[in-house]
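First residue of the sequence shown? That's 10 in the numbering used here, and the numbers climb one at a time after it. Where is the CB? At the ideal position from N, CA and C, for every residue including glycine. Fair warning: this is a prediction, and the values are worked out from it, not measured in the lab. The structure appears below as structure tokens.
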Amino acid sequence: MASILSLGSNSGGQLATGDMDDVHYLKQSLFDGKIQNTENISKDIGWRVVGGGNHSFAWSTDGSRLFACGLNKAGEIALPVNETNQPTLTWTLVQLPTEGHVAQIACGWEHSILLNDLGQLFAAGSNSFGQLGTGTDTKRNAA
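Here's what the structure looks like:
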């Protein structure tokens, strides 16, 4: 099983430790139970991790798997926004928007930008200042 260690503020569940307690020492992050039992996620896979305001992404070094955790009140982790605004407290699989693979991700306070290996750019989350680059100020789970 893959292992990602976390440390720091966790007020939005962005460390994927299963709770929202701040972490003052390295602690292992948790993958969604459905993922833990998947053979394809192994300790041999390398990971890249990036964090935003209260959310984080992890993706395999080959770019084929994308996971997110933390707050999603504006759709910033590219998962459907739930009505209770409950954070995602473990690494949860995110469906890639196209057949391409993840190349890079940048996270802001309540938005995220993903670049794939085909050169396509995707944006999700708050757009109150036009930060998604869509020409509007509408929030989106994906753009």
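Separation of N125 from D30, as counted between CA atoms:
33 Å
Within the continuous beta strand (DSSP E) that includes I114, where are the two ends?
V111 to C116
Is it buried or exposed for L35, if we count other Cβ within 10 angstroms and need 16 for buried?
exposed
Alpha-carbon to alpha-carbon, T101 and G41
Residue identity check: residue 41 is Asp in the sequence provided, not Gly. Roughly 5 Å separates the two Cα atoms.
Among the candidates H33, L98, E108 and F138, whose CA atom is the shortest distance from the CA of F66?
L98
I need the DSSP call for E48, collapsed to helix, strand or coil.
Low confidence applies to E48: its pLDDT is 48, below 50, so where it sits in the model is not reliable, and the reading given next is rough at best. It is coil, neither helix nor strand.
Let me confirm a value: L123 is counted as buried when at least 16 other C-beta atoms fall within 10 Å, else exposed. Which label applies?
buried
For N19, which residues of its own chain have a beta-carbon under 7 Å away from its beta-carbon, when the five flanking residues on both sides are left out?
T26, M29, D30, D31 and V32
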